[in-house]
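K.L.:
2 protein chains.
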Amino acid sequence: MTPPNHAIRLYELVLADGKSASPYVWRTRYALAHKGIPCEPVPVGFTGIPGIQAGRFKTVPIIEDGATSMSESWDIAEYLDRAYPDRTPLFATPAENAHARLIEAWLMAEVIRKLAGIYLLDVHDAARPEDRAYFRRTREQRVNGMSLEDFTAGREARLPQVRESLAPLRAHVSRFPFVGGAAPSYADYVAFGPFVWVSSIATIPLLAHDDTLRGWIERCFDLYGGIARDPRMRPLFE
Amino acid sequence: MTPPNHAIRLYELVLADGKSASPYVWRTRYALAHKGIPCEPVPVGFTGIPGIQAGRFKTVPIIEDGATSMSESWDIAEYLDRAYPDRTPLFATPAENAHARLIEAWLMAEVIRKLAGIYLLDVHDAARPEDRAYFRRTREQRVNGMSLEDFTAGREARLPQVRESLAPLRAHVSRFPFVGGAAPSYADYVAFGPFVWVSSIATIPLLAHDDTLRGWIERCFDLYGGIARDPRMRPLFE
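Each protein sequence line maps, in turn, to chains A and B. Start counting the first sequence at 11; every next residue gets the next number (the working numbering). Start counting the second sequence at 11; every next residue gets the next number (the working numbering).
(1) Tell me whether Pro104 (chain B), by its Cβ, gets closer than 7 Å to a heavy atom of the ligand GTP.
(2) So, is Pro95 (chain A) buried or exposed, given that buried needs 16 or more other C-beta atoms within 10 angstroms?
(3) Compute the distance between the beta-carbons of Leu216 (chain A) and Leu179 (chain A), then report whether it is under 8 Å.
(4) Using 8 Å for Cβ pairs, my map puts Val206 (chain B) next to Trp36 (chain B). What's the rounded Cβ distance?
(5) Would you report the Cα separation of Gly203 (chain A) and Tyr34 (chain A), rounded to the nearest angstrom?
(6) Quick check on Val54 (chain B): does DSSP put it in helix, strand or coil?
(7) Between Arg149 (chain B) and the rest of its own chain, which residues show a CB-CB distance below 7 Å, the 5 nearest in sequence each way excluded?
(8) Does the region 215–234 of chain A touch the region 187–195 of chain A, meaning 3 or more C-beta pairs lie closer than 8 Å?
(9) For the region 106–136 of chain A, enumerate the residues whose C-beta is nearer than 7 Å to any C-beta of chain B, in chain order.
(10) With H, G and I counted as helix, E and B as strand and the rest as coil, what does DSSP make of Thr69 (chain B)?
(11) Between which residues of its own chain and Arg142 (chain A) is the CB-CB distance below 7 Å, once the five residues before and five after are set aside?
(12) Where does Pro99 (chain B) land, buried or exposed, given buried means 16+ other C-beta within 10 angstroms?
(13) Should Ser184 (chain A) be labelled buried (16 or more other beta-carbon atoms within 10 Å of its own) or exposed?
(14) Between His219 (chain A) and chain B, is the shortest Cβ-Cβ distance under 8 Å, so that the two count as touching?
(15) Roughly how many angstroms lie between the CA atoms of Asp91 (chain A) and Tyr199 (chain A), to the nearest whole one?
(16) With distances taken between CB atoms, is the gap from Ala177 (chain B) to Ala26 (chain B) smaller than 8 Å?
(17) Chain A beta carbons: is any one of them nearer than 8 Å to that of Ser195 (chain B)?
(18) Leaving out the 5 sequence neighbours to the left and right, which residues in its chain are closer than 8 Å to Thr69 (chain B) when beta-carbon positions are compared?
(19) In the DSSP assignment, find the unbroken beta strand (DSSP E) run with Ser79 (chain A) in it and report its ends.
(20) For Thr103 (chain B), decide whether its Cβ has a neighbour in chain A, counting only Cβ atoms nearer than 8 Å.
(21) Please go through the same chain and pick out, in chain order, the residues whose beta-carbon is closer than 6 Å to the beta-carbon of Pro51 (chain A), but skip the five residues on each side of it.
(22) Give the interface partners of Val52 (chain A) over in chain B, defined as CB-CB distance under 7 Å, in chain order.
(23) Taking C-beta pairs closer than 7 Å, name the residues in chain A that Phe257 (chain B) reaches, listed in chain order.
(24) If you draw a straight line from the C-alpha of Gln171 (chain A) to the C-alpha of Gly235 (chain B), how long is it?
(25) Quick one: Cα of Thr38 (chain B) to Cα of His109 (chain A), how far?
(26) Pro187 (chain B) to Arg123 (chain B), Cα distance in whole Å?
(27) State yes or no: is the beta carbon of Pro95 (chain A) nearer than 8 Å to at least one beta carbon in chain B?
(28) Is Ser157 (chain B) helix, strand or coil by DSSP?
(29) What residue range does the beta strand (DSSP E) around Glu22 (chain B) cover?
(30) Beta carbons nearer than 8 Å to chain B: which residues of the region 171–197 of chain A have them?
(31) I need the DSSP call for Phe247 (chain B), collapsed to helix, strand or coil.
(32) When you compare each of A:Ser30, A:Asn15, A:Arg97, A:Ile18 to Pro241 (chain A) by their alpha carbons, which one comes out closest?
(33) Using only CA atoms, which one of A:His182, A:Thr213, A:Cys49 lies nearest to Arg224 (chain A)?
(34) Is the beta carbon of Thr57 (chain A) less than 8 Å from the beta carbon of Glu174 (chain A)?
(35) For Asn154 (chain B), count neighbouring C-beta atoms within 10 Å of its own C-beta (all shown protein chains included) and say buried if the count is 16 or more, exposed if not.
(36) Going by the CB atoms, is the gap between Ala17 (chain B) and Ile86 (chain B) shorter than 8 Å?
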């Protein structure tokens, strides 16, 4: 199949200020850019997802590419490689894909959970007013019924732990420009998405000003014409 | 270059019972097998390393391939791909290599350190008698001068943490046969090495009998004619 002369429609989760914040959507946004496929972003709030295609999908990202629609960032990435094999692959080999999945599993277990304990209330407060009750109800269910306020209370004391959890990534990007090595791979987009998310909502900076992750984070922000840069971004570094 | 008709000599770190125990050496042993290159193992104890090539190398694995000698498992893996490009690659793409390095960084930070706190005294006790004083001195230096006994005291209480640290690997091998996906990759050998090491020295089992890692661990033990299997192995599972 030749590259599309149409844009692929991408439903993005937006905050009250209109910024796209979901780390999963950012994976897809970068995946499209990686392959040079035009993207038509469509903003949607948390409570707008059931209104897309009669509620067929529960989560974003959702793409529409001609007659094909799908959700789930990994399914989308693999679809893009299948549907547009002439474009730069997201996964040049099955092992690149599998390794990236294990990297994601590590990030989910060791980093993302800790980030939630710092930033979940900030996401609530940054969400569109009409989305806040839904966000609070669903997220408080996930944290065993704790209020978002209680869940994030005393978060400053937990910042050192979340910073320490990033040590493997720090060691890696001290050696390589990107997670993928000399060039960015899908694993970069998986790892970078949470930093865009934090930048979108943080009321306290995540990282020390001299964190060695900074070079890699700036390189990722610079990719593809700086699609994730936004003047409304909040400080990620102290 | 054609495949070697000679074997590559591999210096292996052995215990008092003659078993090869170093997780780094097992990476290289599996890497050679992966590429179908014959291996001539040479046993050496901790204190025997300075006697190899007049002390040129500080650590095992060390390989000798004709006029080429080197240490460091990653350097060896990359050398094998360069020197024997007609054989199955360890890294088919630069991103496979880079992703495997981040997987290693995660394992080092979150898993291997915790394993040391469980098993360092067991390694000492399993080492050749002439190596024990050296092992104790160097390892106690690394843990800020604590005795190996103090460092591993109360270890049963820390088993749940080390098991929990393996959650990302567990999630991954519930989905894929190997870390590399359908087929083993160098990242499998990196992740599997510590389990061979533990099996060689453990006086308490690391994992619950029904751990979902078991299928993957057995698959890795089965590879290449079961080169890591040994009747002297100690129970890895309760």
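Don't be surprised by glycine CBs; every beta carbon is placed ideally from N, CA and C.
P.N.:
From the atom records:
(1) This structure lacks the ligand GTP; in fact it carries no ligand of any kind.
(2) Under this definition Pro95 (chain A) is an exposed residue.
(3) 8 Å or more divides the Cβ of Leu216 (chain A) from the Cβ of Leu179 (chain A).
(4) Beta-carbon to beta-carbon, Val206 (chain B) and Trp36 (chain B) are separated by about 5 Å, close enough to satisfy the 8 Å threshold.
(5) C-alpha separation (whole angstroms): 7 Å.
(6) The DSSP-derived three-state label of Val54 (chain B) is strand.
(7) These residues qualify, in order along the chain: Leu130, Leu158.
(8) Because the criterion of three Cβ pairs below 8 Å is met, the region 187–195 of chain A and the region 215–234 of chain A touch.
(9) Correct list: Glu106, Asn107, Ala108, His109, Ala110, Arg111, Leu112, Ile113, Ala115, Trp116, Ala119, Glu120.
(10) Coil, per DSSP.
(11) The answer, listed in chain order, is His134.
(12) Buried, because 16 or more other Cβ atoms sit within 10 Å of the Cβ of Pro99 (chain B).
(13) Result: exposed.
(14) For His219 (chain A), no Cβ of chain B is located within less than 8 Å of the residue's own Cβ.
(15) Rounded to whole angstroms, Asp91 (chain A) to Tyr199 (chain A) spans 15 Å at the Cα level.
(16) Contact: no.
(17) Closer than 8 Å: yes.
(18) Around Thr69 (chain B): Tyr34, Ile59, Ser81, Glu82.
(19) Where Ser79 (chain A) is concerned, the enclosing beta strand (DSSP E) stretches over 78–81.
(20) By this cut-off, Thr103 (chain B) is an interface position.
(21) Within its own chain, the residues whose Cβ lies closer than 6 Å to the Cβ of Pro51 (chain A), once the five positions on either side in sequence are excluded, are Leu20, Glu22, listed in chain order.
(22) Residues of chain B passing the Cβ test: none, with the nearest at roughly 31 Å.
(23) Nothing in the structure corresponds to residue 257 (chain B), since chain B is present only between 11 and 248.
(24) Going from the Cα of Gln171 (chain A) to the Cα of Gly235 (chain B) covers about 43 Å.
(25) Their Cα atoms are separated by approximately 19 Å.
(26) Cα-Cα distance, rounded: 26 Å.
(27) So no, Pro95 (chain A) is outside the interface.
(28) When DSSP states are grouped into helix, strand and coil, Ser157 (chain B) belongs to the coil group.
(29) First-last of the beta strand (DSSP E) with Glu22 (chain B): 18–23.
(30) Of all residues in the region 171–197 of chain A, Ala177, Pro178, Leu179, Ala181, His182, Arg185, Phe186, Phe188, Val189, Gly190, Gly191, Ala192, Ala193, Ser195, Ala197 have a Cβ within less than 8 Å of some Cβ in chain B.
(31) Looking at Phe247 (chain B) - three-state DSSP - the assignment turns out to be strand.
(32) For Pro241 (chain A), the closest C-alpha among the options A:Ser30, A:Asn15, A:Arg97, A:Ile18 is that of A:Ser30.
(33) Comparing alpha-carbon positions, the option among A:His182, A:Thr213, A:Cys49 lying closest to Arg224 (chain A) turns out to be A:His182.
(34) At a Cβ-Cβ threshold of 8 Å, Thr57 (chain A) and Glu174 (chain A) do not count as neighbours.
(35) With fewer than 16 Cβ atoms within 10 Å of its Cβ, Asn154 (chain B) is classed as exposed.
(36) With contacts defined as CB atoms closer than 8 Å, Ile86 (chain B) and Ala17 (chain B) fail to qualify as a contacting pair.
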